[in-house]
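Residues in the sequence shown are numbered from 1 upward in steps of one, following the UniProt record's numbering. Cβ atoms here follow ideal geometry from the backbone N, Cα and C, with glycine treated the same way.
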Amino acid sequence: MLYVVPTPIGNLDDITLRALKVLNEVDLIAAEDTRHTSLLLRHFDINTGMISLHIHNEHQKTYQIISQIKDGKNIALVSNSGTPLINDPGYFLVKYCRLAGIRVVPLPGPCAAITALSSSGLAVNRFCFEGFLPAKKKNRQSLLRKLIEEPRTLIFFESPHRLLDTLLDMVFILGVDRYVVLARELTKIWESIHGLPVGELLEWIKFNKNRYRGEIVLVVEGYKISKKNHKAISNDVKKTLALLQQSLSFKQSIVITAKIYGIKKNYLYKYALEQ
Ligand code: SAM
1 MLYVVPTPIG NLDDITLRAL KVLNEVDLIA AEDTRHTSLL LRHFDINTGM
51 ISLHIHNEHQ KTYQIISQIK DGKNIALVSN SGTPLINDPG YFLVKYCRLA
101 GIRVVPLPGP CAAITALSSS GLAVNRFCFE GFLPAKKKNR QSLLRKLIEE
151 PRTLIFFESP HRLLDTLLDM VFILGVDRYV VLARELTKIW ESIHGLPVGE
201 LLEWIKFNKN RYRGEIVLVV EGYKISKKNH KAISNDVKKT LALLQQSLSF
251 KQSIVITAKI YGIKKNYLYK YALEQ
């Protein structure tokens with residue numbers, strides 16, 4: 001059978017007893033990076049052999065692994081950290097193992113997205129995981145626009161060198177007040193979990209370079225359907241405001257739109273600025 005085995009995302013003590021047992025007992029470990037995993041295995045005195053399975057050879061290796069499992073071998077799949085498949089290799093292997101009638105046994109264990117969510121203080125009953133946002137500004141902004149009215153808590157992976165750009169895009173598209181939790185270096189020595197309205201978070205981070213170093217998860221509050229929000233960004237309001245702005249001043253168009261729809265001027269002003 002194929003075991004899907006999560007490994008620690010920083011703190012080695014987070015490996016489970018079952019993960020150690022499986023990694024010890026299987027015939028072979030399929031690892032994203034064998035050099036990386038060999039450090040983990042050495043730490044726990046595990047001598048099981050490895051083959052590499054990464055995004056560039058996953059298709060080719062999948063057939064090889066399936067034929068080995070069919071020959072009676074048990075294989076464990078691991079990635080560099082956390083749960084395999086979650087923004088890591090393994091999807092193709094698991095899919096084809098299942099299609100081939102091979103039993104896939106998942107082990108529960110570390111996952112940066114869930115670890116961040118559990119400490120965010122944001123709603124956890126419904127959430128969506130978006131992985132990494134696109135690297136290109138245009139694509140990133142367009143995805144964020146699609147998510148403006150997503151009511152579930154949103155989870156993103158982010159890299160330190162794109163963090164400021166992403167937060168700036170969030171300010172413009174989701175609004176300065178959207179609450180965002182920055183979960184950094186989880187389970188490691190410099191772990192930090194800090195939440196603020198995104199405009200303030202951006203300022204807080206800029207203040208100290210150490211605040212955007214290391215591995216990062218962003219947990220973003222879902223869209224709140226308050227009466228105020230709902231009215232302010234409804235399509236009718238947007239259209240009216242845009243039409244009035246063609247012939248009136250910025251301020252006049254806001255005052256009139258606010259009167260028509262009974263929205264607070266300040267709120268509409270903020271919205272118009274964000275646009
Ligand atoms: N499969 C992994 C998991 O289940 O957590 C995720 C792999 S993904 C390629 C790597 C990204 O996960 C990092 O860029 C970062 O966004 C996030 N990540 C991984 N470990 C982390 C940690 N200790 N603290 C914060 N974020 C982490």
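- Message: By the three-class DSSP mapping on this structure, what secondary structure does T48 have?
- Response: coil
- Pull up the distance between the alpha-carbon of A31 and that of R42, whole angstroms please. 14 Å
- Please determine, among L12, I216 and K95, the residue with the shortest C-alpha to C-alpha distance to L2. K95
- Message: Given this structure, state the Cα-to-Cα distance separating F132 from F156, to the nearest angstrom.
- Response: Using only the alpha carbons, I get a separation of about 6 Å.
- Task: Determine the burial state of V198: buried for a count of at least 16 other Cβ atoms within 10 Å of its Cβ, exposed for fewer.
- Result: buried
- Item | Buried or exposed (CB count within 10 angstroms, at least 16 for buried), F127 | buried
- Task: Can you tell me the Cβ-Cβ gap for M170 and V180, rounded? I've got them flagged as a contact below 8 Å.
- Result: 7 Å
- What separation, rounded to the nearest whole angstrom, lies between the Cα atoms of L218 and Q246? Using only the alpha carbons, I get a separation of about 38 Å.
- Item | Whether residue 280 touches G10 by CB criterion (9 Å) | Within the shown structure, residues of the chain are numbered from 1 to 275, placing residue 280 beyond reach of any answer.
- Task: Under 6 Å Cβ to Cβ from L85, same chain only, skipping five residues before and after it: list those, please.
- Result: Y91
- Can you check DSSP and say which residues form a bridge with C128? L154
- Please list, in chain order, all residues of the same chain as L143 whose beta carbon is under 8 Å from its beta carbon, the five residues on each side excluded. E130, L133 and P134
- Check: D88 C-beta below 8 Å from any heavy atom of the ligand SAM: D88 Cβ: within cutoff of the ligand SAM.
- Query: Roughly how many angstroms separate the alpha carbons of I69 and D13, rounded to a whole number?
  - Reply: 30 Å
- Task: Compare the C-beta of I193 against all C-beta atoms of chain D and say whether one is closer than 9 Å.
- Result: The structure shown contains no chain D; it is built from a single protein chain.
- Message: Helix, strand or coil for V26? Go by DSSP, reduced to three states.
- Response: coil
- Say the cut is 8 Å; is the CB of G214 nearer than that to a heavy atom of the ligand SAM? Checking every heavy atom of the ligand SAM against the Cβ of G214, one is found closer than 8 Å.
- Message: For the alpha helix (DSSP H) containing A258, name the first residue and the last one.
- Response: Its alpha helix (DSSP H) spans residues F250 to Y261.
- Item | Separation of V176 from Y267, as counted between CA atoms | Distance from the CA atom of Y267 to the CA atom of V176, rounded to whole angstroms, is 12 Å.
- Query: With DSSP run on the structure shown, which of helix, strand or coil describes R98?
  - Reply: helix
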